[in-house]
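K.L.:
Residue numbers (UniProt numbering): 1 to 127.
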């Protein structure tokens, strides 16, 4: 729906290179369009769609270690995976205080970066 609306708008302005311009400009158009609909209290936009349109939070959390089912490991450790349910962590990281363990255990949406750090991507949420 939103993709079609954007392409129609681009085609009205200039019918040339619609697909290329759509790829380049859609994210900005989508954010602006959804924000406008939300401010008008449109039924088309709920809080989830607004959060998606706003994109990820620009703050980044980085971690040198992680917890999986009570096992702590640093990201420089070698991880061997025999099957999807069996993870063998070869080298465990040093233990930290319980407070830090709980904080890291509660983090979601983590990715591993090339420099062996874990990054947490939070999306805006009005809750």
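Where is the CB? At the ideal position from N, CA and C, for every residue including glycine.
On a predicted model such as this, the values are computed, not experimentally measured, just so you know.
CB residue 22 to CB residue 32, shorter than 8 Å?
P.N.:
Position 22 of the chain shown holds residue 22. Position 32 of the chain shown holds residue 32. The answer is no: Cβ separation not under 8 Å.
K.L.:
In whole angstroms, what is the alpha-carbon distance linking residue 52 and residue 71?
P.N.:
Locating residue 52 in the chain shown gives position 52, where the first residue counts as 1. Locating residue 71 in the chain shown gives position 71, where the first residue counts as 1. The alpha-carbon atoms of residue 52 and residue 71 are separated by roughly 33 Å.
K.L.:
What did DSSP end up calling residue 74 once you bin it into helix, strand or coil?
P.N.:
Stepping through the chain shown from its first residue, residue 74 is reached at position 74. DSSP places residue 74 in strand when its eight states are reduced to three.
K.L.:
What does the alpha-carbon distance come out to for the pair residue 36 and residue 5?
P.N.:
Here residue 36 refers to the residue found at position 36 of the chain shown. Here residue 5 refers to the residue found at position 5 of the chain shown. Roughly 14 Å separates the two Cα atoms.
K.L.:
Taking all protein chains shown into account, do 16 or more other C-beta atoms lie within 10 angstroms of the C-beta of residue 85, making it buried, or fewer, making it exposed?
P.N.:
Translated into positions along the chain shown, residue 85 becomes position 85. Residue placement at residue 85 is flagged as unreliable, the pLDDT there being 39, under the threshold of 50; the coordinate-derived value follows with that caveat. Residue 85 should be labelled exposed.
K.L.:
Helix, strand or coil for residue 44, going by three-state DSSP, please let me know.
P.N.:
Taking the chain shown and counting its residues from 1, one reaches residue 44 at position 44. Residue 44 falls in the coil class under three-state DSSP.
K.L.:
Would you call the CB atoms of residue 34 and residue 50 closer than 8 Å?
P.N.:
Taking the chain shown and counting its residues from 1, the one referred to as residue 34 is at position 34. Taking the chain shown and counting its residues from 1, the one referred to as residue 50 is at position 50. It is a contact, given that the beta carbons lie within the stated cut-off.
K.L.:
Out of curiosity, what's the CA-to-CA distance linking residue 40 and residue 65?
P.N.:
Your numbering for residue 40 matches position 40 in the chain shown. Your numbering for residue 65 matches position 65 in the chain shown. Distance between the alpha carbons of residue 40 and residue 65 is about 44 Å.
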